[in-house]
Amino acid sequence: MGHKFWGKVNENWIGFLSDVKFKTPYLKKEEIEIYLGRDTSIPSEQEMDDYEKTFRSFLDNIEVVISEIKKETFTRYKNIYAKYYEDFHRSGEKPLNLDTEDKHFEYVQDILYIRILKRNTLKILIRYDLDTEHGIEIKMKNNKIIAIGGIAA
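Going by numbering that gives the first Met the number 0, the sequence shown runs without a break in its numbering and finishes at 152.
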């Protein structure tokens with residue numbers, strides 16, 4: 000199937016993959032795959048049009064989005080991981096000294112893919128360098144984080 004914005008859309012084992020790739024100077028990774036909708040149902044033309052609007056809004060607000068991702072992932076690090084990574088007695092390793100959002104953001108740049116969903120919602124799945132087993136899944140609605148946690152199984 001095809002779409003005027005998304006190009007050719009192919010189904011694979013995790014959903015419907017667009018020809019369009021996400022690119023931004025804020026991340027090290029050059030191209031990030033974009034999936035459309037849930038992995039179980041073929042998106043309609045109207046849904047793909049709606050996904051396009053959601054994605055364009057995301058791109059138009061990318062500076063604010065990246066800033067919020069930096070803030071929220073750093074807060075999560077401080078609440079869950081810092082007690083291990085910053086304490087030699089607990090980890091047996093030299094502390095990472097991740098005391099700013101920007102220092103921590105270096106560990107949050109490996110985005111696996113973005114999934115665009117209905118109602119101006121998208122999910123960003125990240126291979127978190129400090130916890131590769133669980134990663135980070137960010138759910139956004141109208142370009143605001145509404146949930147953040149480990150990647151859902």
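We put the CB at the ideal spot given by N, CA and C, even for glycine.
In the DSSP assignment, the beta strand (DSSP E) including residue i goes from what residue to what residue?
i      : result
Ile113 : 109-116
Identify whether residue i lies in helix, strand or coil by the three-state DSSP scheme.
i      : result
Thr120 : strand
Ser17  : strand
Glu71  : helix
Lys27  : coil
Ile167 : Since the first and last residues shown for the chain are 0 and 152, residue 167 lies out of range.
Ile150 : coil
Lys82  : helix
Starting from residue i, follow its DSSP beta bridges and name the residues at the other end.
i      : result
Gly6   : His2
Glu100 : DSSP, once it has assigned bridges, lists no residue as partnering Glu100.
Lys93  : The partner list for Lys93 (beta bridge, DSSP) is empty, contrary to what the question assumes.
Leu35  : Ile115
In terms of residues, what are the limits of the alpha helix (DSSP H) holding residue i?
i     : result
Asp48 : 44-59
Lys77 : Note, Lys77: premise wrong, no alpha helix (DSSP H); not H, not E.
Arg89 : 87-90
Do residue i and the ligand GTP come close, with the Cβ less than 7 angstroms from some heavy atom?
i     : result
Glu46 : As far as ligands go, the structure on display features none, and thus does not contain the ligand GTP.
Does the region 66-79 come into contact with the region 138-152, if we say contact requires no fewer than three beta-carbon pairs (one atom in each stretch) closer than 8 angstroms?
yes
Would the region 36-43 and the region 111-123 be scored as touching if the rule is three or more Cβ pairs under 8 angstroms?
Result yes; three or more Cβ-Cβ pairs closer than 8 angstroms.
Pairs of beta-carbons, one from the region 47-67 and one from the region 134-144, closer than 8 angstroms: are there three or more?
yes
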